[in-house]
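Numbering (this note's numbering), first residue to last: 80 to 208.
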Ligand SMILES: [Zn+2]
Ligand SMILES: [Zn+2]
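In C-alpha cells:
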C-alpha cells in the first residue's frame with residue numbers, strides 16, 4: 080500500500096544550478112560551491128505568541144533561507160586580502176552580493192554557519208542548466 084518510490088526522484092535528476100549576479104550576470108557560484116546547513120531549530124525558529132488571555136499559540140515560522148552559503152572563492156577579493164569579515168562585492172559590477180565572516184554568521188532560518196560566506200538570494204539569479 081505504501082508508496083516508497085517518491086524519494087528516488089531527488090537522487091536521479093540532479094540539475095546543475097548556477098548563481099549569477101543579477102546586475103551583470105557574472106557567475107558567482109554553482110551548486111558545487113554551496114555549503115549546506117541544517118535548518119535552525121529551537122528558539123530562533125519558533126515564536127510563542129500570546130493570542131488571548133488563555134491561549135498560547137505556537138507560531139511555526141517557516142522562514143526560508145534568504146541567502147545561500149558558499150565556500151570561499153577566488154572572486155571574493157576581501158577574502159583574498161585577508162579580512163576576517165567584510166562585504167562581498169561582485170567582481171564584475173561591484174554590487175554588494177553578501178557578507179562573509181570567518182567567525183560565522185546566522186542564516187535567516189536561525190542556523191549558524193561557520194565560517195560563513197553568505198550571498199543574498201535577492202541579489203542573484205538562479206539558473207538551472
Ligand atoms: Zn538557512
Ligand atoms: Zn555583478
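The C-beta atom is built at its ideal place from N, Cα and C for all residues, glycine as well.
Using a threshold of 6 Å, is the CB atom of residue i nearer than that to any non-hydrogen atom of ligand 1?
| i | result |
| --- | --- |
| residue 157 | no |
| residue 100 | no |
| residue 195 | no |
By DSSP's criteria, residue i is part of a beta bridge. Which residues make up the other side?
| i | result |
| --- | --- |
| residue 166 | 178 |
| residue 147 | 198 |
| residue 184 | 192 |
Distance check for residue j and residue i, CA to CA, integer angstroms please.
| i | j | result |
| --- | --- | --- |
| residue 206 | residue 190 | 25 Å |
| residue 121 | residue 168 | In this prediction, residue 121 has a pLDDT of 46, which is less than 50 and means its spatial position is unreliable; nothing more can be read from the coordinates. |
| residue 194 | residue 201 | 21 Å |
| residue 94 | residue 208 | 6 Å |
| residue 100 | residue 160 | 22 Å |
| residue 173 | residue 204 | 16 Å |
| residue 108 | residue 144 | 17 Å |
| residue 155 | residue 196 | 9 Å |
| residue 111 | residue 198 | 15 Å |
| residue 115 | residue 171 | 26 Å |
| residue 188 | residue 146 | 10 Å |
| residue 113 | residue 98 | 10 Å |
On the DSSP letters alone, give me the boundaries of the beta strand (DSSP E) that residue i sits inside.
| i | result |
| --- | --- |
| residue 190 | It is not in any beta strand (DSSP E) - residue 190 carries neither H nor E in the DSSP assignment. |
| residue 96 | 96-100 |
| residue 107 | 106-109 |
| residue 103 | Note, residue 103: premise wrong, no beta strand (DSSP E); not H, not E. |
| residue 160 | Premise fails: residue 160 is in no beta strand (DSSP E) and is neither H nor E. |
Regarding residue i and ligand 2, is the C-beta to nearest heavy atom distance less than 6 Å?
| i | result |
| --- | --- |
| residue 182 | no |
| residue 206 | no |
| residue 177 | no |
| residue 174 | yes |
| residue 171 | yes |
How about residue i: is its C-beta nearer than 7 Å to some C-beta of chain C?
| i | result |
| --- | --- |
| residue 181 | Considering every chain present, this structure includes no chain C. It has just one protein chain. |
With distances taken from each beta carbon to the nearest heavy atom of ligand 1, which residues come in below 7 Å, in chain order? 116, 118, 119, 144, 186, 187, 188, 190
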